[in-house]
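Going by full-length UniProt numbering, 376 is the number at position 376 of the sequence shown; the sequence numbering is gapless. Here's the structure we're looking at; comments come further down.
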Amino acid sequence: MRVDDLYRLLGVELDVKSLVRLMTKLKCEIEDLAGGNLVYEANHDRPDLFSAEGLSRALKFMLGLPVRRPPVSGCGVVAYAEPVPDRPFVAFAIVRNVELDDEALKQIIQLQEKLHTTYGRNRKRASIGLYDLDMVKPPVYYRAVDPDETRYRPLGYDKEMSLREVLSQTDKGREYGHIISKMEKYPVIMDSEGRILSLAPILNSEDAKVTTSTRNVLIDSTGLDPRVVVDMVTIMAYSLAERGRDTEICLMETQFSDGKRLAAPRVEGVVQELTIGQVNDLLGTEISVKEAANFLGMFGYDVVEAAGDKLVVRAPPYRIDVLGWVDVAEDIAIGYGYERLGEEATGLPPSRSSGREDEVEHLSDLLRRVLVSMGFSEVANYMMTSAEVDVRLYNRRVEPIVVANPISERFTSLRTWLTAGLVNFIVENKNKSAEFRIFEVGDVVYVREGRVYEERRVGVAISSPEATLTDGLAVVNTLLNAIGLSPAFREGEIDGLLRERTAEIIVRDDNVGFVGEVHPEVLLKLEYDRPIVTIEIDVGKILKVLRAQ
Numbered sequence: 001m002r003v004d005d006l007y008r009l010l011g012v013e014l015d016v017k018s019l020v021r022l023m024t025k026l027k028c029e030i031e032d033l034a035g036g037n038l039v040y041e042a043n044h045d046r047p048d049l050f051s052a053e054g055l056s057r058a059l060k061f062m063l064g065l066p067v068r069r070p071p072v073s074g075c076g077v078v079a080y081a082e083p084v085p086d087r088p089f090v091a092f093a094i095v096r097n098v099e100l101d102d103e104a105l106k107q108i109i110q111l112q113e114k115l116h117t118t119y120g121r122n123r124k125r126a127s128i129g130l131y132d133l134d135m136v137k138p139p140v141y142y143r144a145v146d147p148d149e150t151r152y153r154p155l156g157y158d159k160e161m162s163l164r165e166v167l168s169q170t171d172k173g174r175e176y177g178h179i180i181s182k183m184e185k186y187p188v189i190m191d192s193e194g195r196i197l198s199l200a201p202i203l204n205s206e207d208a209k210v211t212t213s214t215r216n217v218l219i220d221s222t223g224l225d226p227r228v229v230v231d232m233v234t235i236m237a238y239s240l241a242e243r244g245r246d247t248e249i250c251l252m253e254t255q256f257s258d259g260k261r262l263a264a265p266r267v268e269g270v271v272q273e274l275t276i277g278q279v280n281d282l283l284g285t286e287i288s289v290k291e292a293a294n295f296l297g298m299f300g301y302d303v304v305e306a307a308g309d310k311l312v313v314r315a316p317p318y319r320i321d322v323l324g325w326v327d328v329a330e331d332i333a334i335g336y337g338y339e340r341l342g343e344e345a346t347g348l349p350p351s352r353s354s355g356r357e358d359e360v361e362h363l364s365d366l367l368r369r370v371l372v373s374m375g376f377s378e379v380a381n382y383m384m385t386s387a388e389v390d391v392r393l394y395n396r397r398v399e400p401i402v403v404a405n406p407i408s409e410r411f412t413s414l415r416t417w418l419t420a421g422l423v424n425f426i427v428e429n430k431n432k433s434a435e436f437r438i439f440e441v442g443d444v445v446y447v448r449e450g451r452v453y454e455e456r457r458v459g460v461a462i463s464s465p466e467a468t469l470t471d472g473l474a475v476v477n478t479l480l481n482a483i484g485l486s487p488a489f490r491e492g493e494i495d496g497l498l499r500e501r502t503a504e505i506i507v508r509d510d511n512v513g514f515v516g517e518v519h520p521e522v523l524l525k526l527e528y529d530r531p532i533v534t535i536e537i538d539v540g541k542i543l544k545v546l547r548a549q
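Following this line, the structure appears as structure tokens:
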């Protein structure tokens with residue numbers, strides 16, 4: 001982003017030292033600050049900081065500067081959602097009286113794309129669109145239509161295309177078309193006159209595009225989870241509202257055919273109740289309620305109640321990372337200063353022993369370095385998954401730990417192995433490469449005979465048109481040889497893998513893992529046409545062998 005644009009939104013200029021200090025408190029790392037440009041990395045759980053609008057607002061709170069809170073009210077514009085089975089949810093909002101120049105437009109588009117790639121999981125989980133409201137005739141509709149009979153002029157093109165042609169003849173269509181290409185009908189957003197505003201989640205219309213002349217913006221988000229689409233609209237609405245002196249946010253309600261309704265953006269953030277005793281026990285501090293309230297003010301919280309030991313606060317509506325009281329305590333810790341934590345221990349006698357890295361972590365890092373040197377790329381999947389993806393797809397005879405009241409169908413259990421996540425990563429990115437060499441080091445949890453087991457594992461996946469078990473055996477040999485071990489192999493049986501192409505990994509008579517080819521029936525269900533070889537090794541068992549040497 002342009003530094004002068006950031007300071008224009010902020011209302012003051014900062015020296016480099018102050019900017020670095022404040023952005024560090026926001027968990028942002030500056031990568032480059034030269035030529036009038038600022039390049040930084042924001043934490044993945046703070047998508048509200050992905051553009052100049054959100055960053056300037058956060059800096060205002062930090063500096064104690066006035067922060068304009070745009071009015072939010074109903075606007076009378078209604079949206080209707082018809083059944084779209086494979087992408088069922090949509091949310092809308094309007095921001096009026098925006099003032100956009102070229103840099104503002106760049107930042108809003110950047111925010112849109114960052115939301116797509118991160119929180120929206122490359123548009124599969126959710127996507128977001130922006131339209132010039134003055135080019136739209138309300139009400140607006142979300143529906144599934146025939147991909148061959150429906151035509152519109154896609155953004156950046158000067159001719160009309162059918163929806164199916166958009167998938168094959170445009171860059172965005174080729175990149176994201178796989179999300180909807182198997183649908184019988186394609187999801188679109190249109191106005192009351194039948195004009196197509198967007199082929200969701202692929203490409204908007206050229207006729208309603210947002211420009212520097214736009215004053216009123218319609219926002220939409222379509223996706224798989226109602227909470228996520230409202231989150232996306234909320235972040236974008238409050239960011240757009242930073243671009244103008246008299247902006248206002250208009251709440252829109254979407255009416256679904258089953259009678260349900262969904263309003264956006266979110267008007268109020270989550271309320272969290274905690275005690276200062278909890279905070280001090282967690283941080284090892286002696287912070288007062290008043291001090292904690294002041295620290296939280298630096299992050300935009302509203303204090304609902306601060307009396308005695310009790311603290312009740314409301315997070316800003318765009319802070320989707322605040323899920324529990326520990327998240328509030330983290331902001332208190334940042335406001336207090338991480339560098340100050342532990343000050344009260346200075347009077348204690350010196351330790352008689354030195355700290356050292358945990359053995360499991362040390363071995364995990366060593367295995368990481370070896371795999372990277374072998375040309376593998378590390379991925380990081382969520383510990384939470386769904387039993388459908390993790391267990392049932394592979395017909396696994398294992399009992400997962402399930403969530404009692406899951407918010408999303410994507411996160412209903414804890415993962416029982418790494419293979420499912422690695423395979424899913426390959427399948428989701430199959431259009432980006434014909435070959436994959438990836439790995440993950442992480443924990444898995446499962447139940448056996450009423451007892452819960454937690455293991456640290458290293459998982460590896462290889463996929464190419466010619467990938468076979470032999471490739472996996474070679475990787476295991478190289479990996480374990482690098483840490484001084486010589487593996488042997490014997491025929492094995494792992495649910496979800498091809499029996500005659502699977503082997504147990506044996507080190508000094510101990511079964512430490514497996515290597516094998518994913519069963520073709522699983523790949524067929526995932527609509528993936530290249531073989532995948534997967535490896536999993538129990539890091540804890542390897543560590544025991546190394547200790548015994």
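Note that beta-carbon positions come from the ideal geometry of N, C-alpha and C, so glycine has one too. Quantities reported herein were computed from a predicted structural model and do not represent experimental measurements.
Among all the DSSP beta bridges, which residues are the ones paired with D191? The residue you call residue 191 lines up with position 191 of the sequence shown. D191 is bridged to V140.
Helix, strand or coil at M183 [DSSP, three-state]: Within the sequence shown, residue 183 is the residue found at index 183, counting from 1. Coil at M183, not helix or strand.
Reducing DSSP to helix, strand and coil, say where E536 ends up. Residue numbering aside, residue 536 sits at position 536 when the sequence shown is read from its first letter. Strand.
Measure the C-alpha to C-alpha separation of V444 and V230 and round it to an integer number of angstroms. Against the sequence shown, residue 444 aligns to sequence position 444. Against the sequence shown, residue 230 aligns to sequence position 230. Their backbone Cα atoms lie some 31 Å apart in a straight line.
Are I249 and I401 touching if we call contact CB-CB under 9 Å? Position 249 of the sequence shown holds residue 249. Position 401 of the sequence shown holds residue 401. In this structure, I401 does not lie closer than 9 Å to I249 by Cβ.
Extent of the continuous beta strand (DSSP E) run through S221: As a first step, residue 221 is located in the sequence shown; it is residue number 221 there, counting from the start. S221 -> beta strand (DSSP E) spans V217 to G223.
Rounding to the nearest angstrom, what Cα-Cα distance links L155 and M161 in this structure? Against the sequence shown, residue 155 aligns to sequence position 155. Against the sequence shown, residue 161 aligns to sequence position 161. Computed Cα separation, rounded: 11 Å.
For G6, does the count of other Cβ atoms within 10 angstroms reach 16, so buried, or fall short, so exposed? Position 6 of the sequence shown holds residue 6. Per the sequence presented here, residue 6 reads as Leu, with Gly not at that position. Answer is buried; the Cβ neighbour count reaches 16.
Beta-carbon proximity of V78 to V84, cut-off 9 Å: Indexing the sequence shown from 1 puts residue 78 at position 78. Indexing the sequence shown from 1 puts residue 84 at position 84. Contact flag unset, no.
Using 8 Å for Cβ pairs, my map puts N216 next to D134. What's the rounded Cβ distance? The count along the sequence shown starts at 1 and reaches residue 216 at position 216. The count along the sequence shown starts at 1 and reaches residue 134 at position 134. Their Cβ separation, rounded to whole angstroms, is 6 Å, which keeps N216 and D134 in contact under 8 Å.
L296 and V270 closer than 9 Å at C-beta: Mapped onto the sequence shown, residue 296 falls at position 296. Mapped onto the sequence shown, residue 270 falls at position 270. Contact flag unset, no.
Given V507 as reference, the closest of G484, E500, E521 and H519 once Cα atoms are compared: For the purposes of this step, residue 507 is taken as residue 507 along the sequence shown, with counting starting at 1. The residue with the shortest Cα to Cα distance from V507 is G484.
Assuming contact is defined by CB atoms lying nearer than 9 Å, are V460 and G472 in contact in what I supplied? In the sequence shown, residue 460 corresponds to position 460, counting from 1. In the sequence shown, residue 472 corresponds to position 472, counting from 1. In this structure, G472 lies closer than 9 Å to V460 by Cβ.
Pull up the distance between the alpha-carbon of L218 and that of F92, whole angstroms please. Here residue 218 is taken as the residue at index 218 of the sequence shown, counted from 1. Here residue 92 is taken as the residue at index 92 of the sequence shown, counted from 1. Each residue's Cα considered, the two are about 7 Å apart.
Would you list, in sequence order, the uninterrupted alpha helix (DSSP H) runs of no fewer than 4 residues that lie entirely inside the region 338 to 406? 359 to 373 and 387 to 390
Please identify the residue among A474, P139 and E41 whose C-alpha is closest to the C-alpha of E193. For the purposes of this step, residue 193 is taken as the residue at position 193 of the sequence shown. The option with the nearest alpha carbon to E193 is P139.
Given that a residue counts as buried once 16 or more other Cβ atoms are within 10 Å of its Cβ, and exposed if not, what is Q549? Counting from one through the sequence shown, the residue named residue 549 turns up at place 549. Result: exposed.
Buried versus exposed call for V98 [16 or more other C-beta atoms within 10 Å across all chains shown]: One-based indexing of the sequence shown puts residue 98 at position 98. The residue is buried, with at least 16 neighbouring Cβ atoms inside 10 Å.
Pick from D246, A434, M190 and V136 that is closest to V210, judged by C-alpha positions: Stepping through the sequence shown from its first residue, residue 210 is reached at position 210. Looking at the Cα atoms, V136 is the closest of the given residues.
Can you list, in chain order, the residues of its chain with a C-beta nearer than 8 Å to that of residue 589? Leave out the 5 residues immediately preceding and following it. The chain is shown only over 1 to 549; residue 589 falls outside these bounds and no answer can be derived.
For K430, does the three-state DSSP call read helix, strand or coil? Here residue 430 is taken as the residue at index 430 of the sequence shown, counted from 1. Looking at K430 - three-state DSSP - the assignment turns out to be coil, as it is neither helix nor strand.
Rounded to the nearest angstrom, what separates R369 and I30 at their Cα positions? As a working mapping, residue 369 is identified with position 369 in the sequence shown. As a working mapping, residue 30 is identified with position 30 in the sequence shown. Cα to Cα, the separation comes out at about 26 Å.
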